[in-house]
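Q: Residues 16 to 412 in our numbering are what the sequence shown lists, from first letter to last.
Yeah, the Cβ is synthetic: ideal placement off N, Cα and C, and Gly gets one too.
Quick caveat, the model's predicted, so the values are computed rather than measured.
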Amino acid sequence: MSLVAKLRSALEARTEEMLALTEELVTIESGSYDSVGVARVGEVLGERWKRLGFDARSRPLANRGPQRSFHLAGTGHGKVVILGHADTVWPAGSQPGWGFRRDDAFAYGPGVGDMKGGLAMAVFAIEALVEARRELPRELVMLLVPDEEIGSVGSRSWIEDSVRDADAVLVLEPTRPGGGVVVGRRAVGAIKARYTGRSAHAAINPAEGASALLAACRAVIALDSLTDLSRHKVVNAGILRSGAARQVVPHDAELEIDLRAAHPEDLPSLESGVRKILEDTGDARVSVAIEGGWSRPLWPEAQGRALFALMEGFAKEIGAPVSPVVSSGGSDGSFAGALGRPTLDGLGPICFDTCSRREKIPVASLAERGALFAALVHRLGQADGLPRETVMLPNAQ
16 MSLVAKLRSA
26 LEARTEEMLA
36 LTEELVTIES
46 GSYDSVGVAR
56 VGEVLGERWK
66 RLGFDARSRP
76 LANRGPQRSF
86 HLAGTGHGKV
96 VILGHADTVW
106 PAGSQPGWGF
116 RRDDAFAYGP
126 GVGDMKGGLA
136 MAVFAIEALV
146 EARRELPREL
156 VMLLVPDEEI
166 GSVGSRSWIE
176 DSVRDADAVL
186 VLEPTRPGGG
196 VVVGRRAVGA
206 IKARYTGRSA
216 HAAINPAEGA
226 SALLAACRAV
236 IALDSLTDLS
246 RHKVVNAGIL
256 RSGAARQVVP
266 HDAELEIDLR
276 AAHPEDLPSL
286 ESGVRKILED
296 TGDARVSVAI
306 EGGWSRPLWP
316 EAQGRALFAL
326 MEGFAKEIGA
336 PVSPVVSSGG
346 SDGSFAGALG
356 RPTLDGLGPI
366 CFDTCSRREK
376 IPVASLAERG
386 ALFAALVHRL
396 GQADGLPRET
406 VMLPNAQ
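Written as structure tokens, this is what we have:
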């Protein structure tokens with residue numbers, strides 16, 4: 016029996032334990048802005064990693080849960096970093112009437128796939144290697160990020176410093192339905208514009224008013240022209256807030272815009288095009304303040320191909336579905352890939368309807384994907400298992 020098959024068998028025997036830890040984590044509400052809940056997730060996982068011999072470290076992050084990392088010195092080769100996050104998109108109060116539940120086929124709940132099932136899976140996967148006395152990388156690091164779902168604004172430099180010398184980075188975002196794992200990601204941007212005009216009564220003295228809402232609406236229409244799906248360039252005006260009353264000319268408006276791009280040469284021109292449109296308010300009495308920019312760098316897919324080839328081989332041994340995906344969504348893996356580090360993402364259990372109230376993971380995928388993940392970690396601890404070629408993105412920062 017191959018190693019990956021043995022690992023799957025060992026993890027299948029512990030499926031109920033993996034589900035129990037998943038339930039414990041899901042039950043903790045840990046939206047990105049809930050620092051207490053995020054910290055609690057880290058505490059629960061920290062106890063598990065420490066039992067395996069990992070050294071726990073923690074750094075405070077203002078108004079967020081702490082940044083946690085767990086470190087183990089193995090007897091093998093290289094440095095492997097596992098990337099995960101403790102926060103979810105679901106704010107406090109999401110649990111009543113929803114919460115964790117399971118049946119024979121699936122487990123359900125807020126963040127069950129993104130990524131609390133993956134966090135639980137990783138603990139048991141590494142434990143299976145320890146119990147089998149399999150060689151681990153010379154340096155194995157687990158990073159637990161507290162603010163991934165809001166762009167890792169406070170954690171980016173910490174992540175980049177941690178992965179800069181890594182031989183491989185493995186990310187616990189969920190596997191796509193059908194077995195898709197992420198070998199590259201497109202750049203992601205977020206820009207916010209705040210318009211300030213002049214209020215007035217719309218019936219009594221409308222000429223005295225300068226509508227901030229009208230300026231924002233002009234921008235929304237113009238921004239749509241920047242989208243070019245043939246080049247995977249997308250500009251989406253996702254949120255517009257304005258108005259005090261229906262009979263009042265709005266004196267302020269706030270517009271939030273999402274950007275996506277697949278080619279490095281498009282990044283500066285797309286951002287400058289958005290800013291130019293936002294700055295043209297159409298009324299000299301309306302001013303605008305603009306903030307933001309590219310928040311997730313472009314991760315070229317060449318960075319994930321060598322690791323994918325290793326995983327594909329393990330998947331064939333146990334008949335597990337696996338295919339490469341280049342995603343328009345961002346993750347903390349984007350930072351590692353953009354720095355030229357071999358990175359593979361989407362290694363958690365398979366997840367359906369991620370970030371919706373229908374989110375669910377197949378129970379069987381905990382053992383299956385856990386075995387693939389563990390086999391990959393073990394192989395990367397071998398001298399001949401480490402990727403040797405990297406491709407540095409010219410404008411990576």
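Flag this pair as touching only if the stretch 70-88 and the stretch 337-349 have three or more C-beta atom pairs under 8 Å; answer yes or no.
A: Counting Cβ pairs under 8 Å, fewer than three are found: no touch.
Q: Excluding the 5 residues flanking residue 70 on each side, which residues of the same chain have their C-beta closer than 6 Å to its C-beta?
A: Along the sequence shown, read from residue 1 onward, the residue named residue 70 stands at position 55. The answer, listed in chain order, is 86.
Q: Using the C-alpha atoms, what's the distance from residue 123 back to residue 21?
A: As a working note, residue 21 is residue 6 in the sequence shown. As a working note, residue 123 is residue 108 in the sequence shown. Roughly 27 Å between the two C-alpha positions.
Q: My output table needs one value for residue 189: the three-state DSSP class, helix, strand or coil.
A: For the purposes of this step, residue 189 is taken as residue 174 along the sequence shown, with counting starting at 1. Three-state DSSP puts residue 189 in a strand.
Q: Spatial neighbours of residue 263 within its chain, please: C-beta separation below 7 Å, excluding the five flanking residues on both sides.
A: Reading the sequence shown from its first residue, position 248 is the one you call residue 263. Closer than 7 Å at the Cβ level, and outside the excluded window around residue 263, lie 214, 216, 217.
Q: Tell me the DSSP bridge mates of residue 251?
A: Counted from its first residue, the sequence shown places residue 251 at position 236. Per DSSP, 273.
Q: Roughly how many angstroms separate the alpha carbons of residue 254 and residue 182, rounded to a whole number?
A: Taking the sequence shown and counting its residues from 1, the one referred to as residue 254 is at position 239. Taking the sequence shown and counting its residues from 1, the one referred to as residue 182 is at position 167. C-alpha separation (whole angstroms): 40 Å.
Q: Can you tell me the Cβ-Cβ gap for residue 396 and residue 93, rounded? I've got them flagged as a contact below 8 Å.
A: On the sequence shown, residue 396 is found 381 positions in, with the first residue counted as 1. On the sequence shown, residue 93 is found 78 positions in, with the first residue counted as 1. Right, their Cβ atoms sit about 7 Å apart.
Q: Considering only heavy atoms of the ligand HEM, does any lie closer than 7 Å to the CB of residue 236?
A: Ligands in the displayed structure: none, and consequently the ligand HEM is not present.
Q: Run through DSSP, which three-state label would residue 157 get?
A: Position 142 of the sequence shown, counted from the start, is the residue given in the question as residue 157. Reduced to three states, the DSSP call for residue 157 is strand.
Q: Please confirm whether residue 320 and residue 201 have their CB atoms less than 8 Å apart.
A: As a working note, residue 320 is residue 305 in the sequence shown. As a working note, residue 201 is residue 186 in the sequence shown. Not a contact, by the Cβ cut-off of 8 Å.
Q: Can residue 187 and residue 362 be called in contact, C-beta distance under 8 Å?
A: By 1-based counting over the sequence shown, the position of residue 187 is 172. By 1-based counting over the sequence shown, the position of residue 362 is 347. Yes, they are a contact pair.
Q: Compare the beta carbon distance of residue 23 and residue 386 with 8 Å and say whether it is the shorter of the two.
A: Within the sequence shown, numbered from 1, the residue matching residue 23 stands at position 8. Within the sequence shown, numbered from 1, the residue matching residue 386 stands at position 371. Contact flag set, yes.
Q: Three or more C-beta pairs under 8 Å: does that hold for the stretch 189-198 against the stretch 366-380?
A: Segments in contact, yes.
Q: Got a sec, what are the start and stop residues for the alpha helix (DSSP H) residue 208 sits in?
A: Here residue 208 refers to the residue found at position 193 of the sequence shown. Premise fails: residue 208 lies in the beta strand (DSSP E), 202-211, not in any alpha helix (DSSP H).
Q: In angstroms with no decimal places, state the Cα-to-Cα distance between residue 338 and residue 261.
A: Mapped onto the sequence shown, residue 338 falls at position 323. Mapped onto the sequence shown, residue 261 falls at position 246. Approximately 52 Å between the Cα atoms of the pair.
Q: Using 10 angstroms around the beta-carbon of residue 112, count the other beta-carbons present and answer buried if the total reaches 16, otherwise exposed.
A: Start at 1 with the first residue of the sequence shown, and residue 112 comes out as number 97. Classification of residue 112: exposed, given that the 10 Å Cβ count is below 16.
Q: As an exercise, report each continuous alpha helix (DSSP H) stretch of at least 4 residues that is fully enclosed by the stretch 266-319, in chain order.
A: Listed in chain order, they are 281-294.
Q: For residue 38 and residue 143, I'd like the C-alpha separation in whole angstroms.
A: Locating residue 38 in the sequence shown gives position 23, where the first residue counts as 1. Locating residue 143 in the sequence shown gives position 128, where the first residue counts as 1. One C-alpha to the other measures close to 20 Å.
Q: So what does DSSP say about residue 246, is it helix, strand or coil?
A: Translated into the one-based positions of the sequence shown, residue 246 becomes position 231. Looking at residue 246 - three-state DSSP - the assignment turns out to be helix.
Q: With distance defined between alpha-carbon atoms, name the residue in 383, 232, 371 nearest to residue 298.
A: Counting from one through the sequence shown, the residue named residue 298 turns up at place 283. When only C-alpha atoms are compared, the closest one is 232.
Q: Helix, strand or coil for residue 221? Go by DSSP, reduced to three states.
A: Position 206 of the sequence shown, counted from the first residue, corresponds to residue 221. Three-state result, residue 221: helix.
Q: DSSP three-state label for residue 410, please.
A: Position 395 of the sequence shown holds residue 410. Caution is warranted here: a pLDDT of 39 is assigned to residue 410, below 50, making its placement in the model unreliable, and the coordinate value is therefore given only provisionally. Residue state, collapsed to three classes: coil.
Q: Going by the beta-carbon positions, is the gap between residue 271 and residue 207 smaller than 8 Å?
A: On the sequence shown, position 256 is the one that residue 271 refers to. On the sequence shown, position 192 is the one that residue 207 refers to. Yes, the pair counts as a contact, with Cβ atoms nearer than the cut-off.
Q: Output needed for residue 168: all residues of its chain with C-beta closer than 8 Å, excluding positions within five of it in sequence on either side, in chain order.
A: Residue 168 sits at position 153 when you count from the first residue of the sequence shown. Closer than 8 Å at the Cβ level, and outside the excluded window around residue 168, lie 162, 310.
Q: My understanding is that residue 139 touches residue 33, with C-beta atoms under 8 Å, so please give their C-beta distance in whole angstroms.
A: As a working note, residue 139 is residue 124 in the sequence shown. As a working note, residue 33 is residue 18 in the sequence shown. With a Cβ gap of about 5 Å, residue 139 and residue 33 count as contacting.
Q: Counting along the chain, where does the beta strand (DSSP E) carrying residue 122 start and finish?
A: What you label residue 122 is simply residue 107 of the sequence shown in a count that begins at 1. That run of the beta strand (DSSP E) goes 121-123.
Q: Would you report the Cα separation of residue 282 and residue 295, rounded to the nearest angstrom?
A: Your numbering for residue 282 matches position 267 in the sequence shown. Your numbering for residue 295 matches position 280 in the sequence shown. The straight-line gap from Cα to Cα measures roughly 21 Å.
Q: Under a three-way DSSP split, which group does residue 440 fall into?
A: The structure shown has nothing for residue 440, since the chain only spans 16 to 412.
Q: Taking Cβ to Cβ, would you say residue 197 is nearer than 8 Å to residue 96?
A: Taking the first residue of the sequence shown as 1, we reach residue 197 at position 182. Taking the first residue of the sequence shown as 1, we reach residue 96 at position 81. Their beta carbons are not under 8 Å apart, which means residue 197 does not touch residue 96 by this criterion.
Q: Could you pull out every residue in the same chain whose Cβ sits closer than 6 Å to the Cβ of residue 257, ignoring the five residues on either side in sequence?
A: Against the sequence shown, residue 257 aligns to sequence position 242. Excluding sequence neighbours, residue 257 sits near 228, 265, 268.
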